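Working notes for the structure below.
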Amino acid sequence: MPELPEVETVRRGLDERVVGARIADVTVTGRRTVRRQAPEDLVARLRGRKITEARRKGKFLALVLDDGQVLVIHLRMSGQLLFVANDSDPVSLPAPPHTHVVAQLSDGSELRFVDPRTFGEWYVTDEVGPDGLPADFHRFGPDPLVDGLPSRVLRDRLAHHRIPLKTALTDQRVVSGIGSIYADEICFDAGLLPDRRTDTLGPGEITKLSRSASKLLRNAVRLRGSSLRDERYTDLMGAPGSYQLHHKVYGRLGEPCPRCGNPISRRRFGARVAYCCEHCQH
DNA sequence: AGCATCACCTGGCTGC
DNA sequence: TGCAGCCAGGTGATGC
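For the first sequence, this note's numbering assigns the number 25 to the initial residue and increments by one for each residue that follows.
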């Protein structure tokens, strides 16, 4: 699932390919992708606008427009943004199945949104905060890459929670951008069990957690995110990432722990599941 | 207020 | 081999 490193990779692609371009027209075919406003309202707000900036908060993409409005795109589970250049091979031109939105740019290129599970979302808002991002983004916690996540900040944000660590890490109000995969990997790196209650964490453990999170997310961005077999995450040009080759616990049930050799296990808590090493995570 | 649970959806996997 | 049924996953709504 696209998490911070995958969304950041897409954002960098947008920065390179669509920032500075003008939107000629938008076609909305999916019934669910545009749901906070009428699709024709979204189209009217976008038509003729120039994209001035590609920003991100956690897993949310924010394309800033020349009139100050912001196009927000969330990929959720299976959303994919694809750029099709105006000189593309005609064979690649037909939109793939589950294409729900197409933005035609004035130079003839296209930005396509493909999303089989239809959880992904597009909306345009003019309610923008002083930072130029949508005002409702203020409810989300700091983005470890954009805002940083020093241990003092993490400690404060975990202070009034008594919930499993993975639940806190994946709660976007606590920290922005972490999902199931990176939560498991961060917990493993920090040597902490994913169902460890947040109120039992000591200062040293929180420091370790904050360092693990920054290090791991940076590495994952460097390798352009994780592309898994049963998922379809690619960058804007359709190329997969390679951080999945460095996953130490996620999806590795029964395989030997790279640190101690004991088999990786899978713990269930609530409705969610987490991969971990029972031996070297506490 | 904080925490738990559920709804949303469909491709791909499991098990009969 | 075919098919029914289960499962993952992020967010927001709902319930306790």
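For glycine and all other residues, C-beta sits at the position ideal for the given N, C-alpha and C. In this text the structure is predicted, and so the values were computed from the model without any measurement.
- Rounded to the nearest angstrom, the Cβ distance from Leu-106 to Ala-48 is 17 Å, too far for a contact under 8 Å.
- Linking Val-42 to Pro-63 through their CA atoms gives a straight-line distance of about 21 Å.
- Annotated three-state conformation of Glu-279 is coil, per DSSP.
- Under DSSP, Arg-46 forms a beta bridge with Lys-74.
- Taking a 10 Å sphere around the C-beta of Gly-262, we find fewer than 16 other C-beta atoms and assign the residue as exposed.
- Taking C-beta separations shorter than 8 Å and ignoring five residues to either side along the sequence, the partners of Leu-216 in its chain run Leu-189, Leu-225, Glu-229, Lys-232, Leu-233, Gln-305 and His-306, following chain order.
- Within the stretch 219-274, the runs of alpha helix (DSSP H) at least 4 residues long that lie entirely inside it are, in chain order, 227-246.
- Out of Asp-208, Met-25 and Pro-287, the CA that lies nearest to the CA of Gly-144 is found in Met-25.
- Within the DSSP bridge table, the entry for Ser-289 names Cys-300 as partners.
- Counting only residues of its own chain and dropping the five nearest sequence neighbours on each side, Ala-159 has a CB closer than 7 Å to the CB of Glu-151, Val-152 and Gly-153.
- Annotation: the continuous beta strand (DSSP E) that includes Leu-85 extends over 84-89.
- Asp-90 and Thr-222 have their C-alpha atoms roughly 43 Å apart.
- Per DSSP, Val-199 lies in no beta strand (DSSP E) and is assigned neither H nor E.
- The Cβ neighbour count for Lys-83, taken over all protein chains shown within 10 Å, is at least 16; the residue is labelled buried.
- Sequence-distant Cβ neighbours of Ser-266 in its own chain, meaning closer than 6 Å and more than five residues away, are Leu-247.
- With fewer than 16 other beta carbons inside 10 angstroms of its own, His-270 counts as exposed.
- Apart from the 5 residues on each side of it in sequence, Arg-60 sits with its Cβ closer than 8 Å to the Cβ of Glu-145 and Tyr-147 in its chain, given in chain order.
- Using a C-beta cut-off of 8 Å, the stretch 173-182 makes no contact with the stretch 133-144, since fewer than three inter-stretch Cβ pairs fall below that distance.
- Short of 6 Å from the beta carbon of Pro-168, and not among the five residues preceding or following it, lie these beta carbons of its own chain, in chain order: Ala-237, Ser-238 and Leu-241.
- Inside the stretch 144-210, DSSP marks whole alpha helix (DSSP H) runs of 4 or more residues at positions 175-182 and 189-193, from first to last along the chain.
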